[in-house]
Amino acid sequence: MLLTIGIMSNPKSLTQLLQESLADAESLRAVARETGLDVAQLSRFKSGQRTLRLDIAERLAEYFGIESRRIKRRQKG
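Following this line, the structure appears as structure tokens:
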């Protein structure tokens with residue numbers, strides 16, 4: 045499964061968009077409070093020290109108003 049978002053000539057990954065959104069956010073504490081996520085987890089993700097499970101990434105995307113779609117790969121055979 046691939047999640048890519050952005051203008052097709054310069055697509056950004058969901059990870060990049062979420063990290064940029066967290067960097068632009070006024071407060072990680074506010075984001076954590078509104079999303080029910082842990083501040084330390086968001087901080088480590090923002091700095092690139094950890095990844096997020098897809099369900100958590102989708103929750104953050106919804107919070108920041110980022111539209112994401114799951115693209116299913118065709119099965120061989």
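Just so we're on the same page, the working numbering is the position in the sequence shown counted from 1, plus 44.
Beta carbons are placed, not taken as given, at the ideal position from N, Cα and C, and that holds for glycine.
Computed from a predicted structure; not experimentally measured.
Determine the DSSP secondary structure at residue i, reduced to helix, strand or coil.
{"i": "I100", "result": "helix"}
{"i": "K90", "result": "helix"}
{"i": "S65", "result": "helix"}
Suppose you measure from the CA of residue i to the CA of residue j; what does that come to, to the nearest Å?
{"i": "L81", "j": "L62", "result": "14 Å"}
{"i": "E102", "j": "A84", "result": "18 Å"}
{"i": "F108", "j": "R114", "result": "18 Å"}
{"i": "R94", "j": "T59", "result": "11 Å"}
{"i": "R117", "j": "A105", "result": "22 Å"}
{"i": "L86", "j": "R73", "result": "9 Å"}
{"i": "S91", "j": "S71", "result": "15 Å"}
{"i": "I110", "j": "K120", "result": "31 Å"}
I believe residue i touches residue j by the beta-carbon criterion, under 8 Å. Please report the beta-carbon distance rounded to the nearest angstrom.
{"i": "V75", "j": "A67", "result": "Actually they are not in contact, since the Cβ atoms of V75 and A67 sit about 11 Å apart, beyond 8 Å."}
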